[in-house]
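Visitor: In the numbering used here, the protein residues as written are 254 to 381.
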């Protein structure tokens, strides 16, 4: 079976690094991915959650900003949970194996700009 996803879109918010109880770095970003225009010429956008683990999460939090254009490769994964009201929910998200920066980083005074654009930050070791 094949479960492979490739997306190109813009980050909708600034990534925030979290650490799991097992000391694994993780961040979840949302990509705004444009669909093809409808026959009426209307644009539609999908908002897709992407989860990054380990070094990939750390590098994404360090170098990515809201609005940045990125390419993501990964797999679709489902996750179930129960709301406070007791309702069962299922979400679909992409677990990233690789992310590439496709747009230059905006200049900011508080950022070290010794940075390589279009860098491939594949996670060398898959998380278990």
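Ideal Cβ positions, reconstructed from N, Cα and C, are used throughout, including at glycine.
(1) Looking only at its chain, what residues have a beta carbon closer than 6 Å to the beta carbon of residue 335, apart from the 5 residues adjacent to it on each side?
(2) Smallest Cα separation from residue 303: which of 293, 326, 289 and 288?
(3) Just the Cα atoms here: how many angstroms apart are residue 308 and residue 270?
(4) Tell whether a beta-carbon distance below 8 Å holds between residue 283 and residue 266.
(5) Nearest to residue 333 by CA position, among 324, 355, 344 and 255, is which residue?
(6) Quick one, which of 294, 352 and 329 has its alpha-carbon nearest residue 254's?
Guide: Reading off the structure:
(1) 341
(2) If you compare the alpha carbons of 293, 326, 289 and 288 with that of residue 303, the shortest gap goes to 326.
(3) 11 Å
(4) yes
(5) 344
(6) 329
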